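In this text, residue positions in the sequence shown follow numbering that gives the first Met the number 0: the first is 0, and each later residue adds one. Note that beta-carbon positions come from the ideal geometry of N, C-alpha and C, so glycine has one too. Predicted model only: the values in this text are computed from it and were never measured.
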Amino acid sequence: MAWIGRLLQRLPLSRAYSLVSLIGILLVALAMAWFYNLVAIDSLKRVQTEANVDLTRAFANTIRTDYGTFLKQASMIPAEQLRHRPELDALEAEVMRQMKGLRVVKIKIYNTLGLTVYSTESAQIGEPNGDNLAVQRALTGEVVSYVVYRDRFNAFDQIIEQRDLVSSYIPVYDAAGAVIAVFELYTDVTLLLGEIRRAQFLIIGLVVALMLGLYLALLVFVRHADGIIRQRVAHEREMQKQRIRYFAQHDQLTGLPNRQYLALLIEQMVARLKPIQGRCALFYIDVDRFKLVNDSLGQGAGDQLLLALSDRIADVARERHLLGRIGGDEFLLVLEGCGSERASAMAGRLLARLAEPFQVGEQETALSVAIGITLYPDDSSSAEQLIENAGAAMLQAKRAVGGRFAFFTPELNRRAMARFELERDLRLAIARNAFEVFYQPRVAAESGAPVGAEALLRWRREDGELVSPAEFIPALEQMGAIVEVGAWVLHQACRACRSWHQRGHTGLRVSVNLSMRQFHDRHLVDEVQRALQESSCQPNTSSWS
């Protein structure tokens, strides 16, 4: 039976259902046919046996009264003589009278020794049948019946063919209750069995038709269910494939692409950028001494720190970026449309943002990172080579000073370092209020008399060297600090103008230069009003350009 189970497992649900259902219908039909035939034939046999018993009882008195002695003596009479005894003629006449109109086609009478003392087939008279099991059972008082089929049958000295018969062996008792003879009656039930078979086929056909109707209805349902199951299985398989693909391509902790998948994404980006001569930059970010932090805080805290680190990198990068984790404490950021200057600015923002303390539980932890940068298409067009270049630049940054970045190209690296140092020093200057405001006089062309001054921002390094405004002001703009510094210049200029007026130079005016970034600042008007109010200057004493 195991092979059946294996076969059904290979078949679709609807086909397996069809096969099992059809086999089931066939088996049920066969079982019903067998059971109905068994019950119907048993009922027919029982009813016909009762009729034969009633018929035999009708003979009983005649047998006991008229033929009792003959039955006892028959065993001692030779068969040829027995067939011509006058008692048989009288017995046959009585039999013919009793059988008239009945379906009985043959009668045999046995004495207590099993000898055939009478048969409607005269040639059988005188035959011994003591070894006949049915006769033996009847002699013990049991009524025995069989349903038999005969191709040819001698009935009342005539041949009948293809008949279904009920053969009954019925005991005949004397007045004392002892068995004195056995009647064997053959009853023709061909027509009855034909009706039974027709009814059998009709009932079975009806049942099979109903079952087939139910089967077809269920088949439609099963096919629909099979389709749904197949869709769900296909969906589950696809989801499983996607999960397997996802876990094969992503870091399990952060959910970011791993090195292999990130290389594929970079290849796709390069293929997309190449026809349009686009650019991108790769930032290889490595955390300094993260193992010490991990060992001191524990694995769980270290995982939280890496998650927070990846969030900060993504927050700084914002749109149009790829971010992946390519090692335990190593991340790779890819920015599309990024050249060397923007890459330098981005590295500075990353270093500044990642230098801010991380809150892990109730403890603050500071990290330092090293960043290696490589550019496409300047350094390579291969994703793997670009990653290798960025990694080499990161090692260069680590060898220099912690918390720095380096370009893979030496010249770009030199310029980037200079820019980084400039922005670092500018941040220190802002924190220490190290800027100065110089005032360039403005005079009337006709008289040469002073009419005002132009406020000029200047920056002096700690060694006393003045840095050119053409160098540091664009850096302030790119850093996003020009609004803050410009507001400081505005306040300083207004205070100076008020001081001049208090000294009696009431005709002097002050001019302040504004960056385009300040014009885009929605708080500019409020800042100007605040500077005027704090210095008590009138708007007509100042001008903006």
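- Task: With DSSP as the reference, please indicate the residues paired to Val165 in a beta bridge.
- Result: DSSP output for Val165 lists Val146 and Thr186 as bridge partner(s).
- Task: In the DSSP assignment, find the alpha helix (DSSP H) that holds Gly390 and state where it starts and stops.
- Result: Membership of Gly390 in the alpha helix (DSSP H) is indicated by the continuous run Ala382 to Ala399.
- Message: If contact is defined by three or more beta carbon pairs under 8 Å, each pair taking one atom from either stretch, is the region 423–443 in contact with the region 488–506?
- Response: Using a Cβ-Cβ distance cut-off of 8 Å, the region 488–506 and the region 423–443 are in contact, since at least three pairs of beta carbons, one from each stretch, lie closer than that value.
- Message: Between which two residues does the alpha helix (DSSP H) holding Gly451 run?
- Response: Where Gly451 is concerned, there is no enclosing alpha helix (DSSP H), although the beta strand (DSSP E) it sits in stretches over Pro449 to Arg459.
- Item | Candidates Tyr109, Arg96 and Tyr148, of which the one nearest Phe69 by Cα | Taking only the C-alpha atoms, the option nearest Phe69 is Tyr109.
- What is the residue span of the alpha helix (DSSP H) that Gly299 lies within? From DSSP, the alpha helix (DSSP H) with Gly299 extends over Gln298 to Ala316.
- Task: Put Gly140 into one of helix, strand or coil per three-state DSSP.
- Result: It is coil, neither helix nor strand.
- Task: Taking 8 Å as the cut-off, decide whether the C-beta atoms of Val178 and Thr111 are in contact.
- Result: The answer is yes: Cβ separation under 8 Å.
- Message: For Val359, tell me which candidate among Leu192, Gly326, Pro409 and Val292 has the shortest Cα-Cα distance.
- Response: Of the candidates Leu192, Gly326, Pro409 and Val292, the one whose C-alpha sits nearest the C-alpha of Val359 is Val292.
- Item | Whether Arg136 touches Val147 by CB criterion (8 Å) | Cβ atoms of Arg136 and Val147: not closer than 8 Å.
- Query: If you scan the region 88–115 from start to end, which runs of the beta strand (DSSP E) of 3 or more residues do you find wholly inside it?
  - Reply: Assignment of beta strand (DSSP E) within the region 88–115, counting only whole runs of 3 or more residues, yields 103–109 in chain order.
- Query: Considering Arg508, what are the terminal residues of the alpha helix (DSSP H) in which it resides?
  - Reply: Per DSSP, Arg508 belongs to no alpha helix (DSSP H); it is in the beta strand (DSSP E), Arg508 to Val511.
- Output yes or no for whether 8 Å exceeds the beta carbon distance between Ile106 and Val94. It is a contact, given that the beta carbons lie within the stated cut-off.
- Query: If we ignore side chains and look at the alpha-carbon of each, how far apart do Leu6 and Leu21 end up?
  - Reply: With a pLDDT of only 49 at Leu6, under the threshold of 50, the placement of this residue in the model should not be trusted; the figure read from the coordinates follows. CA-to-CA, the gap between Leu6 and Leu21 works out to about 15 Å.
- Message: Any contact between the region 367–378 and the region 347–354? By contact I mean 3 or more CB pairs, one from each, below 8 Å.
- Response: The region 367–378 is in contact with the region 347–354.
- Message: Since Phe407 and Asp378 should fall inside the 8 Å C-beta cutoff, what is the C-beta to C-beta distance between them, to a whole number of angstroms?
- Response: Sure, about 5 Å apart at Cβ, within 8 Å.
- Message: Would you call the region 23–33 in contact with the region 207–217, where contact means no fewer than 3 C-beta pairs closer than 8 Å?
- Response: The region 23–33 makes contact with the region 207–217: 3 or more CB pairs, one atom from each, lie closer than 8 Å.
- Output the distance between the C-alpha atoms of Val270 and Leu394, rounded to the nearest integer angstrom. Looking at the sequence itself, residue 270 is Ala, so the reference to Val does not match. Ala270 and Leu394: Cα-Cα distance of roughly 28 Å.
- Message: Using DSSP's beta-bridge definition, name the partner residues of Gly371.
- Response: According to DSSP, which records beta bridges pairwise, Gly371 is partnered with Tyr283 and Ala405.
- Would you call His504 buried or exposed, if buried means 16 or more other Cβ atoms sit within 10 Å of its Cβ? Counting C-beta atoms within 10 angstroms of its own C-beta, His504 has fewer than 16 neighbours from the protein chains shown and is therefore classed as exposed.
- Item | Selection from Ile472, Val171, Ala89 and Ile76 that minimises the alpha carbon distance to Arg457 | Closest option to Arg457, Cα to Cα, is Ile472.
- Message: Closer than 7 Å to a non-hydrogen atom of the ligand SAH - does that hold for the CB of Val207?
- Response: Ligands in the displayed structure: none, and consequently the ligand SAH is not present.
- Verify whether the separation of the beta carbon atoms of Asp250 and Arg311 is less than 8 Å. Result no, Cβ atoms of Asp250 and Arg311 do not sit closer than 8 Å.
- Query: How many Å lie between Glu79 and Gly125 at the Cα?
  - Reply: Glu79 and Gly125: Cα-Cα distance of roughly 8 Å.
- Message: Please state whether the Cβ-Cβ distance between Ile169 and Val188 is less than 8 Å.
- Response: In this structure, Val188 does not lie closer than 8 Å to Ile169 by Cβ.
- Name the residue from Gly176, Ala89, Ser118 and Leu475 whose alpha carbon lies nearest to the alpha carbon of Gly347. Checked all of Gly176, Ala89, Ser118 and Leu475; the closest Cα to Gly347 is Leu475.
- Task: Check Gln358 in the structure and name its three-state DSSP category.
- Result: In the three-state scheme derived from DSSP, where H, G and I count as helix and E and B as strand, Gln358 is classed as strand.
- Message: Is there a C-beta anywhere in chain B that falls below 8 Å from the one on Ile312?
- Response: Of the protein chains in the structure, only one exists, and it is not chain B.
- Query: From Arg196, Ser166 and Ile195, pick the residue whose C-alpha is nearest to that of Tyr185; which is it?
  - Reply: Measuring from the Cα of Tyr185, the nearest candidate turns out to be Ser166.
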